[in-house]
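Here it is, written out as structure tokens:
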């Protein structure tokens, strides 16, 4: 039975790695699919993981119509046994509807990979629609960790390592802490406290928290 499956998790939890592994496994068994990616770190038309794996993909834009892409592929004689979609949080609700239609009417399984919420802990439109329509929602088993060691559940946007809570919903960045504008995964508590690894370290070494050995007379 064809399914629409949403593999969700925070940044750094191995979503793209799993997508690449699934594509490889099915291709090894003689099956042919279409891989879609959007805003990948390796550049346009690529799907990559932080482990260094990379493959070619169709770049998704806001004008992409998944139904039309699959129909065109079949009309040219291409076999389509499965579809892998990375970064589905950036897709529109209508695009998720198109993927569901591919599952229901063409009987092709679609596996979508993405994060659920943005840096303000609000649902992305694409992720929200996936949660509404998916036959299954799978949480990634590889757990990303907050700087405190707890399981990371939220994505924080940072500027020079300091968490920000305002701005456009979509700003492309990575979890490389050397970037001016980047992202950091946090547990719920430290996301609510807006405390990143950098600001936590600053608090640890501030005069207010250090025992300087000064006593009052």
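In our numbering, the protein residues as written are 3 to 219.
No residue lacks a Cβ here, since even glycine has one placed at the ideal position from N, Cα and C.
**Report entry** Rounded distance between the beta-carbons of residue 86 and residue 113, thought under 8 Å
**Finding:** Within the chain shown, the letter at position 111 stands for residue 113. Within the chain shown, the letter at position 84 stands for residue 86. With 8 Å as the limit, residue 113 and residue 86 qualify as a contact, their Cβ atoms being about 5 Å apart.
Query raised in the report: Going by the CB atoms, is the gap between residue 14 and residue 130 shorter than 9 Å?
Result: For this step, residue 130 is matched to residue 128 along the chain shown. For this step, residue 14 is matched to residue 12 along the chain shown. Cβ atoms of residue 130 and residue 14: not closer than 9 Å.
**Report entry** When 111, 51, 73, 138 are compared against residue 20, the one with the closest alpha-carbon
**Finding:** Within the chain shown, numbered from 1, the residue matching residue 20 stands at position 18. Among 111, 51, 73, 138, the Cα nearest to that of residue 20 belongs to 51.
Query raised in the report: If you follow the alpha helix (DSSP H) that residue 140 is part of, which residue opens it and which one closes it?
Result: Along the chain shown, read from residue 1 onward, the residue named residue 140 stands at position 138. First-last for residue 140: 138-141, but that is the beta strand (DSSP E), not the alpha helix (DSSP H).
Query raised in the report: Considering only C-alpha positions, which residue in the set 110, 133, 109, 108 is nearest to residue 95?
Result: For the purposes of this step, residue 95 is taken as the residue at position 93 of the chain shown. Comparing Cα positions, the closest option is 133.
Requested in this report: Would you mind giving the Cβ-Cβ distance between residue 39 and residue 49, rounded to the nearest angstrom? I have them listed as a contact below 8 Å.
Outcome: Here residue 39 corresponds to residue number 37 of the chain shown, with the count starting at 1. Here residue 49 corresponds to residue number 47 of the chain shown, with the count starting at 1. Residue 39 to residue 49, Cβ: 4 Å. Contact.
Query raised in the report: Which two residues bound the contiguous beta strand (DSSP E) that contains residue 93?
Result: Working through the chain shown from its first residue, we reach residue 93 at position 91. Note, residue 93: premise wrong, no beta strand (DSSP E); not H, not E.
Query - CB contact flag (residue 84, residue 35, <9 Å) - result: If you number the chain shown from 1, residue 84 lands on position 82. If you number the chain shown from 1, residue 35 lands on position 33. Closer than 9 Å, so yes.
Requested in this report: Report buried or exposed for residue 78, applying the criterion of at least 16 other Cβ atoms within 10 angstroms of its Cβ.
Outcome: Here residue 78 is taken as the residue at index 76 of the chain shown, counted from 1. Flag for residue 78 reads exposed.
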